[in-house]
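Q: Have a look at this one.
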Amino acid sequence: MNFDWSVIISNAKFLLIQGLLGIGYFGGGTLRLAIPAILLGFCTGIVLGLARLAHRPWIHYPAAIYIEFIRGIPLVMVIFWFWFLVPIFLGRPVPEYWIALTAFVIFEGAYIGEIVRAGIQSVPRGQVDAATATGLNYIQTMVHVILPQAIRNMIPSLVTQFIVLFKDTSLASIIGMMDLTKAAQTVSQRELRPFEMYIFIAVVYWVCTYSMSRFSRWLEVRMSPEKAS
Amino acid sequence: MLIYGFLGIPYDFRWSVLWESPHGTWILDGLLTTLQVSAFSWVFAVLLGIFFGALRTVPYRPFRAVATVYVEFFRNVPLLVWLFFWYFGAPEVFPETIRQWFIRHGMEFWSAVAGISVYHGARMSEVIRTGIQAIPKTQIEAGVSSGLSVGQTYRLIIIPIALRLIVPPATNESLNLLKNSSLAMTIGVAELTFATRQIETYTAKAFEAFSAGTLIYLVLCLSIASIMNRIERKFAIPGLIARAERAEH
Chain A
1 MNFDWSVIIS
11 NAKFLLIQGL
21 LGIGYFGGGT
31 LRLAIPAILL
41 GFCTGIVLGL
51 ARLAHRPWIH
61 YPAAIYIEFI
71 RGIPLVMVIF
81 WFWFLVPIFL
91 GRPVPEYWIA
101 LTAFVIFEGA
111 YIGEIVRAGI
121 QSVPRGQVDA
131 ATATGLNYIQ
141 TMVHVILPQA
151 IRNMIPSLVT
161 QFIVLFKDTS
171 LASIIGMMDL
181 TKAAQTVSQR
191 ELRPFEMYIF
201 IAVVYWVCTY
211 SMSRFSRWLE
221 VRMSPEKAS
Chain B
1 MLIYGFLGIP
11 YDFRWSVLWE
21 SPHGTWILDG
31 LLTTLQVSAF
41 SWVFAVLLGI
51 FFGALRTVPY
61 RPFRAVATVY
71 VEFFRNVPLL
81 VWLFFWYFGA
91 PEVFPETIRQ
101 WFIRHGMEFW
111 SAVAGISVYH
121 GARMSEVIRT
131 GIQAIPKTQI
141 EAGVSSGLSV
151 GQTYRLIIIP
161 IALRLIVPPA
171 TNESLNLLKN
181 SSLAMTIGVA
191 ELTFATRQIE
201 TYTAKAFEAF
211 SAGTLIYLVL
221 CLSIASIMNR
231 IERKFAIPGL
241 IARAERAEH
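The listed protein sequences correspond, in order, to chains A and B.
Here the first sequence is numbered in my numbering, starting from 1 and rising by one per residue.
Here the second sequence is numbered in my numbering, starting from 1 and rising by one per residue.
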C-alpha cells in the first residue's frame, strides 16, 4: 500500500474541467447535466404537484399514477428505458447527455412533485379562500398567494432533493456520459490508482453537496425572519 | 410476427424471451441476489443508523462530532462513487495475497454490501436522529432522574419510542435502499438490473427485458410499502402520533 497523490494534480484539469464542468471534447459534465436537470425537474415537479391536487379526476389520477410508478422503480431502470426508447422514437442515435437529461427530469419530477404537493398542503386553507374572496382566479391564487408560501415551506426538502439529484447525476456514467465519475473511472484505469481517484472525486462531490446544504440553511433563515434566532 | 402496435413504430414483440432457458433463471437469480444484497445492507445500515443516529444526540460533544463527520461525509457523496471506491479503491490498502483471496470469495457482492450499508447507514442515522429529537427532552430527564443511566435511558426509553416514530421515513429509506441496490450491477453483481441488461444484450429484446425488471421492482416496492403501512398503523403510539390528515383541497 503506497499511495501516489500526485496523480490527482496531474489529472485535475481533465477531472474538473471535463468531468465536473463538461467543457471539452467529450461533452457531458456533472454540473452541465445537474443544473438544467434541477431547473427542468423543478418545473415538472410543480406541474405534477398541482396536477395531483387538482379536482378533476382526469388530471388527478394520471399524475398520481405517474408519481407512484416512477417512485417504485430504480433510477438506473429509468435511464435504461430512455437509453433504449429515445433513439427508437427519434429514429437516430442521441448523445448520452440528452438521454440522461430526459431521464433525470422525468424521474426527479415525480419526487419533486410529491414535495410540492406536501408544500401546498402545508399552506392554510384560509389563504385560498381569502385569495378567492378578493377576486383572484385559480392561476393568480396559485402564483401570487399559495406558491410563494408553499415554496418557502418546501425549501428544506426541496434542497435535499436537489442534492440527491446532483448525486444521482453520477448514474449518467453508466450509459457512458463523461461526468466526474466517468472521468475518474477513465483516469483510474489508465493510472491504476483507484484509491486516490475515488477519494478525490468523493471530496469534490462532497464540497458541492455540502455547500448546497449550507446554502439551503442560510436561505431558510433568510426567508423566514421569525425563525432567525 | 411484426406488430405495429408500439405507438406506430415497428417492433417485433417476443415476450417468451423472458422465460426461455436460460433467461428465466437469470431473472430469478437476479431477483434473489437483489434481495440478498438489500437484506444484508439493510441490516448493517440499520445498525449503523441506530448507532450513529443516537450518537448525534448524546450530550457529549466529541461523540457528536464523530457521528456528524460520518453522516455528512458518507451521505453527501454519490453511492456509485462509494461502490467504485469499495470495489476498486479500498482493496488497494491490502497486500496482493489478501486481495486475491477477496476476489476468489465474491468480493463484488461484499463490496456492494459495504458501499450500500455505509451510505444508507448515514442516511438512516439522519432518520433516526430526527426521530429521537422528536421525543421531548423531558423523557430523557425523567429517565435519568428515576435512576437510569444515560445508556439505559436510551436503550429502554428513547430508542423504543423513536423506532416507532420513524416507521414511515424509515420505510421510505428502506425502499430507497432496495432501489439503490440496482447500482451493484456496475461492479458486476448479477442482480435484477444486471439480469435484465444481460437478457437485452443476448436477445436484443430491450422492451421485454426492461418491462420485466420494471414490473418486479414495482411489485416489490408497492408490496413492501403496503405491508409497512399496516405495521405503522399497528404500532402507532396512541396519542403520540397524529396521522397526518390529508388537507382538503
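Positions of the beta carbon are idealized from the N, C-alpha and C atoms, including for glycine.
Counting only runs that start and end within the stretch 158-223 of chain B, where is the alpha helix (DSSP H) found for 4 or more residues in a row?
A: Counting only runs of 4 or more, we get 159-165, 167-180 and 192-203.
Q: Which residue marks the beginning of the alpha helix (DSSP H) containing A/Asn11, and which one marks its end?
A: Here the alpha helix (DSSP H) through A/Asn11 covers Ser6 to Lys13.
Q: Could you please give the first and the last residue of the uninterrupted alpha helix (DSSP H) stretch that includes A/Trp218?
A: Element bounds for A/Trp218: Pro194 to Met223.
Q: Go ahead and label B/Gly147 buried or exposed: buried means 16 or more other beta carbons lie within 10 angstroms of its beta carbon, across all protein chains shown.
A: Label assigned to B/Gly147: exposed.
Q: Using the Cα positions of B/Ile231 and B/Glu191, report the straight-line distance between them to the nearest angstrom.
A: B/Ile231 and B/Glu191: Cα-Cα distance of roughly 28 Å.
Q: Which chain A residues sit within Cβ distance under 9 Å of B/Val81?
A: What B/Val81 touches in chain A: Lys167, Ser170, Leu180, Thr181, Ala184, Tyr198, Ile201, Ala202 and Tyr205.
Q: Going by CA-CA distance only, name the one from B/Pro62, B/Ala184 and B/Pro78 that's closest to B/Gln36.
A: Cα-wise, what sits closest to B/Gln36 is B/Ala184.
Q: Among A/Leu101, A/Gly72 and A/Gly119, which has the Cα closest to the Cα of B/Leu220?
A: The candidate whose alpha carbon is nearest that of B/Leu220 is A/Gly72.
Q: Which same chain residues, not among the five before or five after B/Ile241, have their C-beta less than 7 Å away from its C-beta?
A: In this prediction, B/Ile241 has a pLDDT of 43, which is less than 50 and means its spatial position is unreliable; what the coordinates show is noted afterwards. Result list for B/Ile241: Leu165, in chain order.
Q: In whole angstroms, what separates the C-alpha of A/Thr132 from that of A/Thr141?
A: About 7 Å.
Q: Give a yes or no on whether the C-beta atoms belonging to A/Ile151 and A/Gly176 are separated by under 8 Å.
A: Contact flag unset, no.
Q: Could you give the DSSP three-state label for B/Tyr11: helix, strand or coil?
A: In this structure, B/Tyr11 counts as strand in the three-state DSSP scheme.
Q: Going by the CB atoms, is the gap between B/Ser174 and B/Ser117 shorter than 8 Å?
A: Cβ atoms of B/Ser117 and B/Ser174: not closer than 8 Å.
Q: Report the option in B/Glu72, B/Glu141, B/Leu48 and B/Phe210 whose CA atom is closest to the CA atom of B/Pro59.
A: Nearest C-alpha to B/Pro59: B/Glu141.
Q: Is the stretch 47-58 of chain B in contact with the stretch 122-141 of chain B, if contact means three or more CB pairs nearer than 8 Å?
A: Cβ pair count under 8 Å is three or more, so yes.
Q: Any residues in the stretch 58-78 of chain A with a beta carbon nearer than 8 Å to a beta carbon of chain B? Which ones, in chain order?
A: Answer set for the stretch 58-78 of chain A: Glu68, Phe69, Arg71, Gly72, Ile73, Pro74, Leu75, Val76 and Met77.
Q: Are any of the Cβ atoms in chain A nearer than 8 Å to that of B/Pro136?
A: Judged by the 8 Å Cβ criterion, B/Pro136 is not in contact with chain A.
Q: Helix, strand or coil for B/Asn229 per DSSP?
A: DSSP places B/Asn229 in helix when its eight states are reduced to three.
Q: Could you tell me whether the Cβ atoms of B/Gly106 and B/Phe44 are closer together than 8 Å?
A: Not a contact, by the Cβ cut-off of 8 Å.
Q: Along chain B, which residues have their Cβ under 7 Å away from the Cβ of A/Tyr210?
A: Chain B residues near A/Tyr210: Glu72 and Asn76.
Q: For the stretch 213-227 of chain B and the stretch 193-205 of chain A, state whether three or more C-beta atom pairs, one from each stretch, are separated by less than 8 Å.
A: Result no; under three Cβ-Cβ pairs closer than 8 Å.
Q: Might you give, ordered along the chain, the residues of its own chain that have their beta carbon closer than 6 Å to the beta carbon of B/Arg243, omitting 5 neighbours on each side?
A: Annotation note: pLDDT 41 at B/Arg243 (below 50); position unreliable, no value reported.
Q: Cα separation between A/Ile23 and A/Gly29?
A: Going from the Cα of A/Ile23 to the Cα of A/Gly29 covers about 7 Å.
Q: For B/Glu126, which three-state DSSP category applies?
A: B/Glu126: helix per DSSP, three-state reduction.
Q: Which residues in chain B sit within 8 Å of A/Glu81, going by Cβ to Cβ distance?
A: A small correction: the amino acid at residue 81 of chain A is Trp; Glu does not occupy that position in the sequence shown. By Cβ distance, chain B contributes Phe210 and Thr214.
Q: How should A/Tyr138 be labelled, buried or exposed, when 16 other C-beta atoms within 10 angstroms of its C-beta is the threshold for buried?
A: With fewer than 16 other Cβ atoms within 10 Å, it is exposed.
Q: First and last residue of the alpha helix (DSSP H) that includes B/His23?
A: It spans His23 to Leu55 - the alpha helix (DSSP H) in which B/His23 sits, taken as one unbroken run.
Q: Would the stretch 106-114 of chain A count as touching the stretch 47-57 of chain A if we require 3 or more Cβ pairs under 8 Å?
A: Counting Cβ pairs under 8 Å, three or more are found: they touch.
Q: Could you give the C-beta distance for A/Leu33 and A/Leu75, rounded to a whole number, given that I count them as a contact under 8 Å?
A: Contact flag wrong, Cβ pair sits at about 13 Å.
Q: If contact is defined by three or more beta carbon pairs under 8 Å, each pair taking one atom from either stretch, is the stretch 85-98 of chain B in contact with the stretch 14-25 of chain B?
A: The stretch 14-25 of chain B, when compared against the stretch 85-98 of chain B, does not touch it at the 8 Å Cβ threshold.
Q: Please list, in chain order, the chain B residues whose beta carbon lies closer than 7 Å to that of A/Ile174.
A: Per Cβ cutoff of 7 Å: Thr186.
Q: Does the separation of the CB atoms of A/Tyr97 and B/Pro78 fall below 8 Å?
A: For A/Tyr97 and B/Pro78, no; Cβs fall outside 8 Å.
Q: According to a CB-to-CB cut-off of less than 9 Å, which residues of the stretch 216-242 of chain B neighbour chain A?
A: Cβ contacts with chain A come from Tyr217, Leu218, Val219, Leu220, Cys221, Leu222 and Ala225.
Q: Any C-beta of chain B sitting closer than 8 Å to the C-beta of A/Phe84?
A: Interface residue, yes.
Q: Give me the subset of the stretch 131-153 of chain A whose CB atoms are less than 7 Å from a CB atom of chain B, sorted by chain position.
A: Under the 7 Å Cβ criterion, the stretch 131-153 of chain A contributes no residue.
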